[in-house]
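Structure first, commentary second.
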Amino acid sequence: MPELENVRQVDEIDRDLTPQAIINMAIEKVVSRGGQLVKGKDELDCYRGASFEMNGQVFAIRRYKGHPRGTSTIYLDPRIGDVNEITTRISNILTTFDIPESALHWQRKDNPEL
95 MPELENVRQV DEIDRDLTPQ AIINMAIEKV VSRGGQLVKG KDELDCYRGA SFEMNGQVFA
155 IRRYKGHPRG TSTIYLDPRI GDVNEITTRI SNILTTFDIP ESALHWQRKD NPEL
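Take 95 as the starting number for the sequence shown in the working numbering and just add one per residue.
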């Protein structure tokens, strides 16, 4: 497992998270850049992914059962409501995990009203 600066994998996050970006990359490929893939289940469904802490901020990268194959979703704390802050955090995650901007299928700034 690679060591990413300022990133550590954490146990599951004990609060609800909100989807903020979809990446056109398989969950295995995304998570392997900074952690180990785990299986989990919550009130929504079963998923595969990982939770991380970066510079004191938690986020998760998951693919739920039924989501399109070859995609991964970035989830952030729902208390983050400012679209500019969400966009900055997504950009930082992409940069840190060496995910090309071209892999970004959707992010909150594309539909802030959702």
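Yeah, the Cβ is synthetic: ideal placement off N, Cα and C, and Gly gets one too.
Within 8 Å, strictly: CB atoms of residue i and residue j
{"i": "VAL104", "j": "ILE193", "result": "no"}
{"i": "TYR158", "j": "LEU138", "result": "yes"}
{"i": "VAL132", "j": "GLY143", "result": "yes"}
{"i": "ILE187", "j": "ILE180", "result": "no"}
{"i": "TYR141", "j": "ARG156", "result": "yes"}
Option in the options with minimal Cα separation from residue i
{"i": "ILE117", "options": "LEU111, ARG202 and VAL177", "result": "ARG202"}
{"i": "GLU122", "options": "THR112, ASP171 and PHE191", "result": "PHE191"}
{"i": "GLY129", "options": "GLY160, LYS135, PRO206 and GLU106", "result": "GLU106"}
Opposing strand residues paired with residue i [DSSP bridges]
{"i": "ARG102", "result": "GLU147"}
{"i": "GLN201", "result": "ALA115"}
Discussion item. If we require 4 or more residues per run, which alpha helix (DSSP H) segments fall completely within the segment 148-187?
Written reply: none
Practice prompt. Kindly provide the ranges of any alpha helix (DSSP H) runs that are 4 or more residues long and lie completely inside the segment 121-147, ordered along the chain.
Written response: 121-125
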